[in-house]
Amino acid sequence: MSAKHVAVLMGGFSSERPVSLSSGEACAAALEGEGYRVTRVDVGRDVSAVLSALRPDVAFNALHGPFGEDGTIQGVLEYLEIPYTHSGILASSLAMDKIQAKRVAAAVGIPVAPSRLLNRHEIGHQHPLPPPYVIKPVREGSSFGIVIVKEDQSHPPQIVSSPEWRYGDLVMAERYVAGRELTCGVIGAGEEARALGVTEIVPLGHAFYDYESKYVKGGSQHILPAQILPEIYQTVQELAVAAHRAIGCRGASRSDFRLDDGEGGTGELIWLEVNTQPGMTPTSLLPEIAAHAGMPFGKFLSWLVEDASCLR
Numbered sequence: 001m002s003a004k005h006v007a008v009l010m011g012g013f014s015s016e017r018p019v020s021l022s023s024g025e026a027c028a029a030a031l032e033g034e035g036y037r038v039t040r041v042d043v044g045r046d047v048s049a050v051l052s053a054l055r056p057d058v059a060f061n062a063l064h065g066p067f068g069e070d071g072t073i074q075g076v077l078e079y080l081e082i083p084y085t086h087s088g089i090l091a092s093s094l095a096m097d098k099i100q101a102k103r104v105a106a107a108v109g110i111p112v113a114p115s116r117l118l119n120r121h122e123i124g125h126q127h128p129l130p131p132p133y134v135i136k137p138v139r140e141g142s143s144f145g146i147v148i149v150k151e152d153q154s155h156p157p158q159i160v161s162s163p164e165w166r167y168g169d170l171v172m173a174e175r176y177v178a179g180r181e182l183t184c185g186v187i188g189a190g191e192e193a194r195a196l197g198v199t200e201i202v203p204l205g206h207a208f209y210d211y212e213s214k215y216v217k218g219g220s221q222h223i224l225p226a227q228i229l230p231e232i233y234q235t236v237q238e239l240a241v242a243a244h245r246a247i248g249c250r251g252a253s254r255s256d257f258r259l260d261d262g263e264g265g266t267g268e269l270i271w272l273e274v275n276t277q278p279g280m281t282p283t284s285l286l287p288e289i290a291a292h293a294g295m296p297f298g299k300f301l302s303w304l305v306e307d308a309s310c311l312r
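Taking full-length UniProt numbering, the leading residue of the sequence shown gets 1, the next gets one more, and so forth.
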């Protein structure tokens, strides 16, 4: 039987293009190592025509950010009837919208931080929440546009309402949660979904896990498994699976949390968001977690390819 033909979708035209190219190349090389016939597709506006000509057996989605992560490319693949990896249209769109995802998560009992949806032009000189709080673009990834407003700041950050802002007009103001950054990988769908491991992320030389902490060498330390109490570790896994199921994720996802368990902390564990298109280099968080759970990079990608389908 001939090898399955996999089109690895990478690049695209979001702010996360460089990250996607890195993920895509790593995935393409690993899938070739697993025996698949691979075509690398640098996604442009002509992607429908390109894929119609290629007719791959599977589209491996290694795109990040808007268009690749928000249900748009998933709709193109459904229209073309090409099976694809990761989440479908609705789950992708829902997870990408931080406000809507939090509403769904809260409805099933997942603890979230208080937040407000705002138009950035309406923020003005009055704090939308009591400081400290965080301002996040509603539909961006890779920590683009995140601004932490500290307790002693007298007014909201002016960059958010300035012409230099490039992340859309809708932003979320969310209560700042002190403590540790945790993340948990989940694979599968519905009742078959299961948690992998939990990693603690320690930014090095940065106030939080920002773009450089994520993608610059030496920007962060990954502690796997996270050194937290066993009952908290289990709770993180349970909440990550609950979020994955509630939002309707498929394939693989990664949920992020904050744990305020330091001296004088509140002890609260807060779910922040679910990422349906996590970074996919061998040293990215989700592949590291999968490898620790017994799924080396190539095998993990093979699992995703064999899980691919339409109508996700």
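All C-beta atoms, glycine included, are put in the ideal place defined by N, C-alpha and C.
Check: Quick one: give me the first and last residue of the beta strand (DSSP E) that H244 is part of.; Outcome: No beta strand (DSSP E) holds H244; the alpha helix (DSSP H) holding it covers 230-247.
Check: With distances taken from CA atoms, which of P83, P131, E268, E34 is nearest V236?; Outcome: E268
Check: Give every residue of the same chain whose Cβ lies closer than 7 Å to the Cβ of Y215, excluding the five residues on either side of it in the sequence, and list them in chain order.; Outcome: Because the pLDDT at Y215 is just 46, under 50, the model does not fix this residue reliably, and the point stays unresolved.
Check: Taking the alpha-carbon positions, what's the M10 to Q277 distance?; Outcome: 12 Å
Check: Check whether the region 144-152 touches the region 100-114, counting contact only when three or more Cβ pairs, one atom from each stretch, lie closer than 8 Å.; Outcome: no
Check: How long is the line joining the alpha carbons of Y211 and L51, rounded to whole angstroms?; Outcome: Residue placement at Y211 cannot be trusted, given a pLDDT of 41 that sits under 50; what the coordinates show is reported in the next sentence. Those two C-alpha atoms are separated by around 31 Å.
Check: Suppose you measure from the CA of F297 to the CA of N61; what does that come to, to the nearest Å?; Outcome: 16 Å
Check: Quick one: what's W303 bridged to in DSSP?; Outcome: Note: W303 sits in no beta bridge, so no partner.
Check: For I159, which of helix, strand or coil comes out of DSSP?; Outcome: helix
Check: Is I159 close to chain C, meaning its C-beta is less than 8 Å from at least one C-beta of that chain?; Outcome: The structure shown has no chain C; it contains just one protein chain.
Check: Select from P287, Y176, V160 the residue whose C-alpha is nearest the C-alpha of T266.; Outcome: Y176
Check: Spatial neighbours of F208 within its chain, please: CB distance less than 7 Å, with the 5 preceding and 5 following residues excluded, ordered by chain position.; Outcome: Bear in mind that the predicted position of F208 carries a pLDDT of just 48, short of 50, making it unreliable; the figure below should be weighed with that in mind. Taken in chain order, the residues that qualify are I148.
Check: Any chance you could list the alpha helix (DSSP H) runs of at least 4 consecutive residues sitting entirely within the region 59-118, in chain order?; Outcome: 72-80, 89-96, 98-107
Check: Three-state secondary structure (DSSP) at A193?; Outcome: coil
Check: Can you tell me whether S284 is helix, strand or coil according to DSSP?; Outcome: coil
Check: From which residue to which residue does the alpha helix (DSSP H) around P18 run?; Outcome: 17-33
Check: Tell me which same chain residues have a C-beta within less than 8 Å of the C-beta of P157, skipping the five on either side of it?; Outcome: I135, V147, V149
Check: Apart from the five residues on each side of it in sequence, which residues of its chain come closer than 8 Å, Cβ to Cβ, to M96?; Outcome: P66, E69, D70, G71, R139, G141, T276
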